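Just so we're aligned, residue 1 is where the sequence shown starts under the UniProt record's numbering, counting upward by one. Ideal placement from N, C-alpha and C gives every residue a C-beta, glycine not left out. This structure is a prediction, so every number in the text was calculated from the model and none was measured. Below is one structure, written out as structure tokens; comments come after it.
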Amino acid sequence: MKTYKELKQDLDEPIELKESRLLRKGVATAYAMRARNEGKKVEQNLSNAKQTLRPRSNETTEEQIKRLQEGLIEMCDANIALRKQLGAMTAIIVSGQLLNERTNKQIGILLRK
């Protein structure tokens with residue numbers, strides 16, 4: 001037969017599990033929004049690069065070279081934003097795994113009782 005303290009502890013632990021789930025969802029949502037925003041930056045930079053690199057009539061060689069430089073800079077900015085997006089996506093996966101491991105341990109402890 002369980003004591004009062006054991007019964008009270010059993011009632012308290014499910015709340016911790018709910019908090020862990022809420023925390024996991026919050027972390028994943030925050031990083032997902034960051035990944036989405038970085039994805040939008042990638043799209044915008046590549047669109048700008050595409051627009052800059054479009055051929056124009058009656059341009060001198062110097063103007064063409066300048067446009068090429070500007071287009072390459074936009075593409076570099078897109079690559080940087082893409083790297084940040086990948087970092088945010090990796091953070092979602094890692095945080096989910098770490099928090100899931102903790103939750104699994106808590107469930108295991110509850111099942112042993």
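Where residue i sits in the DSSP three-state scheme
| i | result |
| --- | --- |
| residue 59 | coil |
| residue 29 | helix |
| residue 54 | coil |
| residue 90 | helix |
Residues near residue i in its chain [Cβ-Cβ closer than 7 angstroms; skip 5 each side]
| i | result |
| --- | --- |
| residue 42 | 78, 81, 82, 85 |
For residue i, the nearest candidate out of the options (CA to CA)
| i | options | result |
| --- | --- | --- |
| residue 29 | 89, 52, 109 | 89 |
Close-in-space but distant-in-sequence residues of the same chain around residue i (CB under 8 angstroms, 5 per side omitted)
| i | result |
| --- | --- |
| residue 52 | 67, 70, 71, 74 |
Same chain, Cβ closer than 6 angstroms to residue i, neighbours up to 5 away in sequence not counted
| i | result |
| --- | --- |
| residue 49 | 71, 74, 75 |
Handout entry: Any 3 or more C-beta pairs closer than 8 angstroms across the segment 53-72 and the segment 34-43
Key = Because the criterion of three Cβ pairs below 8 angstroms is not met, the segment 53-72 and the segment 34-43 do not touch.
Exercise for the section: Give a yes or no on contact between the segment 89-99 and the segment 22-31, applying the rule of three or more CB pairs nearer than 8 angstroms. Expected result: Result yes; three or more Cβ-Cβ pairs closer than 8 angstroms.
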